[in-house]
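Input: a single structure, listed below in C-alpha cells.
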Amino acid sequence: MGNCYSGVEGGKQQSPTATNNNNAGHNDAVEFFYRSRGLHQHFTRVELSLSAINLRDRDIISKSDPMAVVYAKNIDGKLEELGRTEVILNSLNPTWIEKVTIAFQFEIVQPLVFHVYDVDTKFHNIPVKDQDFLGEATCVLSEVLTKQNQSLTLNLCSKIGHVGLRNLGVLTIHAEETVASRRVVEMMLHCSYLDNKDIFSKSDPFLRISRIVESGGSIPICKTEVVNDNLNPKWKPLCLSMQQFGSKDNPLIIECFDFNSSGKHSLIGKLQKSVADLEKLQEGKSGENLTITSHHGHKKVLKGELFVDQFCEKEQYSFLDYVCCGFELNFMVAVDFTASNGNPQNPDSLHYIDPSSQLNSYQKVEGVEGIMSAYASALHNVTLAGPTLFGQVIKRAAQIASQSVSYNSKKYFVLLIITDGVLTDLQETKDTLVKVSDLPLSILIVGVGGADFGQMEVLDADKGQRLESSTDRVATRDIV
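Counting from 265, one number per residue, gives the positions in the sequence shown under this note's numbering.
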C-alpha cells in the first residue's frame with residue numbers, strides 16, 4: 265500500500281519504484297512525529313541519496329546483494345534506525361534509488377552511522393544483524409550539508425571494536441533539501457522497436473529515471489519493472505512527486521536497460537527530457553527517439569522510441585487529510601480459535617488465561633476493553649477446531665465495507681487477523697483478496713506463536729507483484 269519501493273528482486277519482478285515521499289509536503293502528523301522526538305519547529309528535512317563502489321564480495325557464485333541502513337547515534341551511544349535502501353542484486357558498485365529523509369537542526373550535532381549489508385534474498389526477512397556485514401561509515405549530518413556539492417565520500421571500515429579489514433569500499437552520501445509540495449505526476453510509458461541485446465531471446469527492458477543535480481551529476485529517482493522478452497514494452501504506471509523531479513522544467517535522464525541477472529545491465533538507449541517535455545509528448549501523441557553514444561564518442565540516434573501514453577498531474581493527500589475531512593476509521597478484529605492454538609486450560613496455549621487475571625504474552629491491549637471482553641467471552645463459549653480459514657472472515661469484512669459504499673458513507677475499514685500461522689485456504693483467500701481489493705478495506709495479519717509465517721508473505725504484494733486470482737484477475741491494489 266502507499267508508494268512503491270524496490271524489492272529484493274532488484275528490478276526483475278518488482279512494480280515501478282519511486283523514492284519514498286511520505287514526507288514530501290507539509291504534513292501535521294509528520295511534524296508531530298519530529299516534535300515528539302525533541303525536534304523543534306525550526307528544522308529542515310533533507311533527503312540522503314547513497315551509492316557505493318568497490319564493495320567486498322561475500323557471495324561465492326555471484327556478487328553481493330547490497331543494502332544500506334542509516335542510523336542516528338543518540339547521546340547514550342545507541343543507534344536508532346532512520347531508514348534503509350532497497351536491495352540491489354549482484355552489484356559491488358550499487359547506486360540505490362530509495363532515499364532516507366532526516367530532520368536537520370543547525371544547532372545540534374547529529375552523528376550518523378551507515379551500515380552496508382549483503383542481504384540473502386531468500387531470507388530477506390532475517391534481521392540485519394544476521395546478514396553478512398560489508399562495512400561501516402560514520403559522519404555528522406552537517407559534514408554532508410556543508411560540502412560544496414552536498415556530497416561526502418567515506419571509506420567503509422569494519423565495525424568499531426572489531427578486528428578486520430579497514431578498507432571495504434567507498435560510500436558516497438548526497439544530501440538535498442526536500443521540496444514542500446503535494447503535487448505528483450502519474451505517467452504510463454512504452455517503447456517501440458528497441459534494439460535487441462540478447463542472442464537467444466529478446467531483451468528484458470526496464471527504464472531508470474534520474475534527475476540532474478546542480479553539480480552536474482545525476483541521482484536516480486525511479487525505475488520501472490522489467491518486461492521480459494519484449495522489444496515493444498509497456499510498463500505499469502509511474503508516480504513521481506515534485507520532491508523527486510524538483511520542477512517540471514528540470515532535465516531528467518531516462519535510460520532503457522536490458523536486465524541481466526548478473527547485475528551488469530546493458531544500456532539499450534537513453535534520452536533527456538523534462539516532465540514538461542513528457543507532457544507535450546503525451547499531448548501530441550508522438551514519440552522521442554532513444555540515443556546511444558558510440559565507441560568513438562558520437563551520439564547515435566536509434567530506431568527505438570519512447571512514448572507517453574498517459575500523463576496526469578494531481579495532488580497527493582495524506583492520511584490526516586482524510587481524517588480531517590470527516591472520514592471514519594472502523595476497526596475489526598478476527599481471532600484464530602483453531603485447535604492448533606492449544607488447549608486454553610494449558611499454560612502453553614496461545615489462548616491461556618491465568619486464573620489470577622494476569623494477561624498472557626499476547627494479550628497486551630490498552631484502551632480496547634471491548635475487544636478484550638469479547639475475546640474472553642468467546643473463549644469460554646467456543647470449541648477449538650480446524651482448519652484455519654481466512655476467506656470467510658475476509659468476505660464478512662468485505663460485506664460490511666461494501667454496505668458502507670452503497671450508502672455513500674465516508675468510512676474506511678481495517679481488519680486485524682490474529683492467527684498462529686497455519687492457513688489452509690490459501691487459494692480461496694487470494695481469490696477473495698483480489699475480489700475485494702477495490703473496497704475501502706485494509707487487512708493486517710499478525711502471527712503469534714512459533715509457527716512459520718512464510719506462507720503469509722504471498723498475500724502481501726509489497727514486493728511488487730499484485731495478487732492474481734485463480735481466474736487471472738489482478739488485484740486493484742495491495743490491501744494486506
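C-beta atoms are modelled at their ideal positions from N, C-alpha and C, and glycine is treated no differently.
None of the values given here were measured: they were computed from a predicted structure.
Taking only three categories from DSSP, how would you classify residue i?
{"i": "Tyr335", "result": "strand"}
{"i": "Arg475", "result": "strand"}
{"i": "Gln369", "result": "coil"}
{"i": "Gly718", "result": "helix"}
{"i": "Leu516", "result": "strand"}
{"i": "Ile709", "result": "strand"}
{"i": "Ile664", "result": "helix"}
{"i": "Tyr457", "result": "coil"}
{"i": "Lys537", "result": "strand"}
{"i": "Tyr676", "result": "strand"}
{"i": "Gln305", "result": "With a pLDDT of 48 at Gln305, under the threshold of 50, the predicted position of this residue should be treated as unreliable, and no value is reported."}
{"i": "Ala401", "result": "strand"}
{"i": "Val700", "result": "coil"}
With a threshold of 16 other CB atoms inside 10 Å of the CB of residue i, please say whether the residue is buried or exposed.
{"i": "Gly548", "result": "exposed"}
{"i": "Leu352", "result": "Sequence check: residue 352 is Ile here, not Leu. With 16 or more other Cβ atoms within 10 Å, it is buried."}
{"i": "Arg752", "result": "There is simply no residue 752 to check, as the chain begins at 265 and stops at 744 in what is shown."}
{"i": "Gln656", "result": "exposed"}
{"i": "Lys327", "result": "buried"}
{"i": "Gln395", "result": "buried"}
{"i": "Asp321", "result": "exposed"}
{"i": "Ser767", "result": "Nothing can be reported for residue 767, as the shown portion of the chain is limited to 265 through 744."}
{"i": "His529", "result": "buried"}
{"i": "Asp462", "result": "exposed"}
{"i": "Ile361", "result": "buried"}
{"i": "Gly718", "result": "exposed"}
One question on the structure: do residue i and residue j come within less than 9 Å of each other, judged by their Cβ atoms?
{"i": "Ser415", "j": "Lys363", "result": "no"}
{"i": "Ser479", "j": "Ile517", "result": "no"}
{"i": "Gln546", "j": "Asp513", "result": "no"}
{"i": "Ser355", "j": "Gly527", "result": "yes"}
{"i": "Phe368", "j": "Val380", "result": "no"}
{"i": "Leu453", "j": "Gly399", "result": "no"}
{"i": "Tyr335", "j": "Phe370", "result": "no"}
{"i": "Ile658", "j": "Leu679", "result": "yes"}
{"i": "Val373", "j": "Val333", "result": "no"}
Roughly how many angstroms separate the alpha carbons of residue i and residue j, rounded to a whole number?
{"i": "Gly275", "j": "Lys487", "result": "Because the pLDDT of Gly275 is 43, which lies under 50, any placement of that residue in the model is unreliable, and the question is left without a value."}
{"i": "Phe654", "j": "Thr696", "result": "9 Å"}
{"i": "Val437", "j": "Val408", "result": "For the sequence presented, residue 437 should be read as Ile rather than Val. Whole-angstrom Cα-Cα distance: 7 Å."}
{"i": "Asp541", "j": "Thr349", "result": "30 Å"}
{"i": "Glu579", "j": "Gln507", "result": "13 Å"}
{"i": "Gly289", "j": "Ile707", "result": "Residue confidence is low: Gly289 scores 42 on pLDDT, short of 50, so the model does not pin down where it sits. Its coordinate-derived value is still stated next. If I take the Cα positions, the gap works out to 27 Å."}
{"i": "Ser505", "j": "Tyr586", "result": "19 Å"}
{"i": "Val254", "j": "Leu376", "result": "Outside the modelled stretch of the chain, which goes from 265 to 744, sits residue 254, for which no answer is possible."}
{"i": "Thr735", "j": "Val700", "result": "14 Å"}
{"i": "Phe470", "j": "Glu450", "result": "17 Å"}
{"i": "Glu440", "j": "Val310", "result": "5 Å"}
{"i": "Asn286", "j": "His559", "result": "The predicted position of Asn286 is uncertain, since its pLDDT is 38 and thus under 50; a value taken from the coordinates is nonetheless stated next. Their Cα atoms are separated by approximately 42 Å."}
{"i": "Ser515", "j": "Cys503", "result": "The sequence shown places Pro at residue 515, rather than the Ser named in the question. One C-alpha to the other measures close to 17 Å."}
{"i": "Glu732", "j": "Ala662", "result": "18 Å"}
Can you determine whether any heavy atom of the ligand ZN sits closer than 8 Å to the C-beta of residue i, and answer yes or no?
{"i": "Val351", "result": "Among the components modelled here there is no ligand, and therefore nothing to report on the ligand ZN."}
Counting contacts by CB-CB distance shorter than 9 Å, is residue i in contact with chain C?
{"i": "Thr696", "result": "Among the chains of the structure shown, chain C does not appear; only one protein chain is present."}
With a CB to CB cut of under 8 Å and the five nearest residues on each side skipped, what residues in its chain are close to residue i?
{"i": "Thr557", "result": "Lys563, Lys564"}
{"i": "Ser482", "result": "Ser474, Arg475, Ile476, Ile517"}
Ordered along the chain, which non-local residues of its own chain (more than five positions away) have a Cβ less than 7 Å from that of residue i?
{"i": "Arg730", "result": "Val738, Ala739, Asp742"}
{"i": "Ser465", "result": "Asp493"}
{"i": "Leu570", "result": "Leu453, Cys455, Ile518, Leu535, Gly551, Glu552, Leu554"}
For residue i, which residues in the same chain have their Cβ closer than 6 Å to its Cβ, ignoring the five residues on either side in sequence?
{"i": "Lys675", "result": "Glu592, Asn594, Ser668"}
{"i": "Arg472", "result": "Pro484, Lys487, Glu519"}
{"i": "Asn357", "result": "Ile317"}
{"i": "Gly590", "result": "Lys674"}
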